[in-house]
Structure formats: C-alpha cells, structure tokens
Amino acid sequence: MEKCKEMTLKLRVLFCCTLACAFAFAAGQGENNPVPATSASDVPHLRKQGSATQLIVDGKPFLALAGELHNNSATSLEYMKPLWPKIVESKLNTVLTGVSWAQIEPQEGKFDFSVLDGVIRDAHSHNLRLVLLWFATWKNGLSSYPPDWVKRDFERFPRAQMFGDNTSWPVFGAPRTPVTGSLSIELLSPLGDATRDADARAFAAMMRHIKAVDGREHTVIGIQVENETGMQGDTRDRSPLANKAFAGPVPKELTDYLQQHKDSLIPELRTVWEAAGFKTSGTWQEVFGKSRPTDEIFMAWHFARYINRVVEAGKEEYPIPMFTNCPQIGFGTEPAPLRGGGQSGGAMPDAMDVWRAGGPRIDFFAADIYSSDFKGFCARYNQSGNPLFIAETGGGPDLKGLALYAFGRHDAISFSPFGIDSMVGRDPDVFGYDLVSQLAPLILKHQGDGTMSAVLMGPDDPPQKIAVGNYTLYVGPQRLRRPAAGGTPAPQPTAQPSSAAIFIAAGPDDYFVAGNGLSITFSPNTPGLPLAGLATVEDGRFVDGRWVPGRRLAGDDDAQGQSITLREMGIQHFTLYRYR
Ligand code: DGJ
C-alpha cells in the first residue's frame, strides 16, 4: 500500500515536472511570438474543403505567403541573421529553405543538426513557418548535395550514365571528346538501392529530430523531398543497372494503375500509351512505344519509387505533408537529346500519374513556374486532384498579380518567389503580401466552394467573362483599347500579364474584389430581375480579419455607376441590386 502511494507520488511529480518543462520550453521559444504551442498530435496535415486541398496548421487552414531562399542561405545562421527581420517586414509567413544532406550527415551515421536547430529556432522567434527542402540525392537533375562519403563511394552508390557525346554537354572532370559507350555523370542513379536506403535513413533521422525539437510548435509545416528531381544530360540512365531494367517488363503496379485510371489519366500520358496500343504488359518500349516519352516514363517511375521510400521512412517518424517538385517541362518538349538544362523523369504534370503510381506516399507535386505562361502551368499542375503549391516562381514585376491569381483562381496552398534574399529589404511590399494577408481569412473560407475566382490579364487581352456567385463578371483592362479603324486588331499575347484581380462573393449580392488595372461589369446569372446595378461601393482594408471601410466610391471612381474600377492595387467592397 505504502509502495503504491509512493509510486503515485513519484508519477505526479514526474507529470508536474514534464508539464513545467514543456511550458518553460514553450514560453522560452515563444517569448516574442504569437505562434501557439499546440498538441503534439495536431501535426500539420492536408484536408479537403470542397474541391480544394488545404494545409492545416495548428488546427486551422493556412495560406503560405512564402518565399524561397537561395540554395545555401540557411547553412549559416550568421548569414541569415539580418535577413529574418526583412522577411518579416515583407509580410511573409513562410520560408522555404534547403537542408543539405552533406551538412547534417558529414560522416555516415553521425548527425549534426545544430544549424538546422538554429534555423528552426530563429524562424520560430520571428513568427515564421518553414517548409524544408531536403537537398539530398537530387538537386536540379544532378547530385551536388550528397555527403562526400556518398560521392566517393561510386561502387556502393552507383552513378547514372549518359550516352557518350560529351562535347556539347559539360560533364565535370571528363575529357571534352566523344566517348565510346556510356559515361558516368554527377547524378546518382535512381536504381541504386543502397543510395535510396542511405538517403531514407538520413531523412528519417532528420524527421525524428524535427519532431523532437518542433513537434509542439510546428514551425516546420512541410517538406519538399529532393529538389527538381530529374536527369540532366540524357533522356534516361544508361548504366548497366538501368539498361537491364529498361529491357525488362514494366512493373505490374504501373500497368495496373494505368488500367484502373484509364479514363482519368493525364491526357499527355494517355496519348503516349494509346499510341502504343494500350498494352497492359510488356517491356517499356512495348507498352509505351519507341520514343522519347518512354525514357521519361521509365525515369519517372524509378525516381518515384525511390522518393516514395524516402518519404515513407520520414513519415514513419513524423508524418507532416511531403511533396516533390519539378521544372515545368512536358513529354518530349525539350531539345532532344537533352543538353544543358533540360531534364527527364521529373514529377511534371504530364508524368504525374506515373509518379502517383510509383509514389503513393508523396502528398502532391509542387510547381516551379518560371515560364511566361504562368496561367497555363497553374492549370496544368492543378489538375486531377493535385493541389497547386507554387514552390518557386520568377515572376518579375508582376509578382503581386501572380499571387492573387494563384490563390484566387486555383486555391493555391502556397505562393513562393525564388531567391528572396535579394528581394526583401527594398520595397517592403514586393510580393503584395500585405494585401493577400488581409484577404487570407476570406480566401481560406471560400476555397473550394465555387464563390471565388481570379483573372490575370495583359493590356491587349480580350475581356473575360467569369461566373462568381450569383453574377457573371465581365472583366477587361481598365482602359480598353479602341479597335483600329476598319477592324478589330487581333489580341497580341504579352510576355508578362500586368493586371490581376481576385473576386470573392461574400453573400448573394455582396462582393470583395482586389486587384489593379481592371474594370468589371456584371449581369445576374440566377432567375429574377434581369439587370444588375452597383449599390454601395467602398474601398478599405481588413484589419485583423474585420473590414474597415475607407472612401465611399461613385462618380468617376465607378464609371458613374457602370463598373467597378480598379486602378492601383487595392481592395473594394461592393453590393449589387437588381432592377428592370
Ligand atoms: C530552380 C531550382 O529548383 C532552385 O534550387 C534554383 O537552383 C533555381 N532554379 C535557380 O534559378
């Protein structure tokens, strides 16, 4: 009995100490910072809301107003020190940053997480979240981030090989002369099981560590596994290991997937499979044909299997959202054979089904959009249930519009310009996040329910018609060009769009719109009185999620009641009425 009492007392003391320590730790970490310490069980995860996929952080949907650092910025805490306040000033809530395998596992099995710990601590103390980029086996279609002990042991960790025309594609250290046969390159083969297992072990160790140091605060809200995985230099790995697999049968998991999803496959993949006769077994060339996409599908399958194992190992330790990214090429669209820049086998939209079949544990495929066809690539990534997560974009002067478009039109989880080190600290609103963060609660509320949309337009684009809520919106550049005498000039595609707006129907006749350079008229699209007029129009701001009206607008500011007129980037709230 006495023993039992003593045990109860000991347990109580232990419980109180644990709690006290947890609070002390949370208080110490969060002194200047409102990120709440939450239950360890409520780890960041994905959740569907209507047709959208949302990222849930601390139990609430989260819009990542993000930016990606240059590749190696966060390998030095000193380098990062002056950047954190500038990032906060630019109103980012999330930073995407690389973690180098070489840095955390300098010797096999010996881990050093000190820099990563500092990055997590400093991000947290600036009230920022992190999406970590696991720079491990692959980075931009090559392998520059594995530790030296991996790079040096080319027997245990086999290289990919390319066909030996080395004269136009630089293979570091190789003679600049045509080589007979295949040439090893600085790319670890996705068919190397030992490499995969070493990467998976390191990744699992990192995720275990992140859970231990950040499992309550959730500073780290997601992981990109590898970076722009793919093969540079050739369309497929020509190593003996890969050649053997290429001559063998397409794995049954892939052919089963193709058959089960035949009617909903991404069209580009379906076309390749169809052209080869929809075969359900055979070698790679028998099932997909003797053309370049077959090499790309073969590589995609092997990259996906490999990364799936790494993700699986990480999720066993700490299952936060994990994804992979890719530059936005399509099957066979790069100059063939690939030379300097093009890649084969990445998780691009055309290959997403292959990646899904081979990598079911990967949560989604993120977009790196550097193309001037920003709208096209948003749509290509946001198809067949893949949420839009922009991990990188260039964007230039139109960044503000691109962000509005991605969030408003495609329910994006994240928008993230690349190389923010050199962008923050000048114009504090360089990304337009002041406005997006005001709108964020409204955007999150309306994601996936059909009451929100957006446009992105060049000055010569024709007006667009778009249904939002109970009205159809007609949106055109604010100063529509007059047709040239004698006919309408054909719209010229512009290199970068220059006007954007997001539209949210907050009620049956009640709208918020934010954007620039556009004018908008309306007509009802539900039964009732046939004409629509503008009732109250006002500009203003959201403060802590509450709308605070500024000026009441009429006359010149709403074209004498004929249209909503957005000049400079800003928010307007208006109500409509109907008449006949
Ligand atoms: C895309 C890569 O994913 C980034 O890591 C970086 O290398 C940029 N390209 C550079 O433009």
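Okay, so the sequence shown: first residue is 958 according to our numbering, each after it adds one. Glycine included, each C-beta is placed from N, C-alpha and C at the ideal position.
- Around the Cβ of Ala-1424, a 10 Å sphere holds fewer than 16 other Cβ atoms; the residue is exposed.
- Across the structure, Lys-1332 and Trp-1106 are spaced so that their CA atoms are roughly 43 Å apart.
- Those residues whose C-beta sits under 6 Å from the nearest heavy atom of the ligand DGJ are, from N- to C-terminal order along the chain, Asn-1028, Asn-1097, Asn-1184, Glu-1185, Asp-1325, Glu-1349 and Phe-1375.
- Note on geometry: alpha-carbon atoms of Val-1128 and Glu-1231 lie some 36 Å from one another.
- With respect to the 8 Å criterion, Ala-1304 and Leu-1211 are not classified as neighbours on the basis of their beta carbons.
- In this model, Asp-1467 and Val-1494 are separated by some 10 Å (Cα to Cα).
- A straight-line Cα-Cα distance of about 21 Å links Ile-1400 and Thr-1350.
- A residue is called buried when at least 16 other Cβ atoms come within 10 angstroms of its Cβ; Gln-1189 meets this threshold and is buried.
- Between Asn-1343 and Phe-1322 a beta carbon distance of about 6 Å is seen, short of the 8 Å cut, so the two are scored as contacting.
- Annotated as proximal: Ala-1023 and Phe-1372, with beta-carbon spacing under 8 Å.
- Per DSSP, the beta-bridge partners of Lys-1067 are Gln-1064.
- Runs of the alpha helix (DSSP H) lying entirely within the segment 1305-1386, each at least 4 residues long, are 1309-1315, 1331-1338 and 1356-1367 in chain order.
- Within the segment 1389-1420, complete alpha helix (DSSP H) segments of at least 4 residues are found at 1390-1403, given in chain order.
- The Cβ atoms of Leu-1144 and Ser-1082 do not sit closer than 8 Å to each other.
- In the DSSP annotation of this structure, the continuous segment of the beta strand (DSSP E) that includes Gly-1490 starts and ends at 1488-1500.
- In the structure shown, the three-state DSSP call for Ser-1057 is strand.
- If you check the CB distance, Ala-1257 and Ala-1308 come in under 8 Å.
- Residue pairing for Tyr-1536: DSSP places it in a beta bridge opposite Leu-1488.
- According to the DSSP assignment, Phe-1092 belongs to the beta strand (DSSP E) that extends over 1086-1096.
- With fewer than 16 other CB atoms across the displayed protein chains lying within 10 angstroms of its CB, Arg-1133 is exposed.
- For a cut-off of 8 Å, the C-beta gap from Ala-1411 to Phe-1479 is around 16 Å, too long to register as a contact.
- Under the criterion of beta carbons closer than 8 Å, Val-1244 and Ala-1233 qualify as touching, at roughly 6 Å.
- Rounded to the nearest whole angstrom, the C-alpha separation of Glu-1065 and Pro-1103 is 11 Å.
- Minimum Cα-Cα distance from Leu-1396 among the listed residues Ile-1477, Asn-1097 and Gly-1472 corresponds to Gly-1472.
- In the structure shown, Pro-1197 falls within a helical segment according to DSSP collapsed to helix, strand and coil.
- If you draw a straight line from the Cα of Pro-1042 to the Cα of Met-1119, it is about 45 Å long.
- Here the C-alpha atom of Gly-1433 lies approximately 48 Å from the C-alpha atom of Gly-1271.
- When only Cα atoms are considered, Pro-1354 and Leu-1140 end up about 42 Å apart.
- A residue is called buried once 16 or more other Cβ atoms fall within 10 Å of its Cβ, and Glu-1062 is buried on that count.
- Annotation for Asp-1320: Leu-1003, Pro-1278, Met-1279 and Phe-1280 place their beta carbon closer than 7 Å to its own, counting only its chain and skipping 5 residues before and after.
- Counting only runs of 3+ residues, the beta strand (DSSP E) found wholly inside the segment 1131-1182 occupies 1139-1145, in chain order.
- Under the DSSP assignment, Phe-1120 falls in the beta strand (DSSP E) whose first and last residues are 1116-1120.
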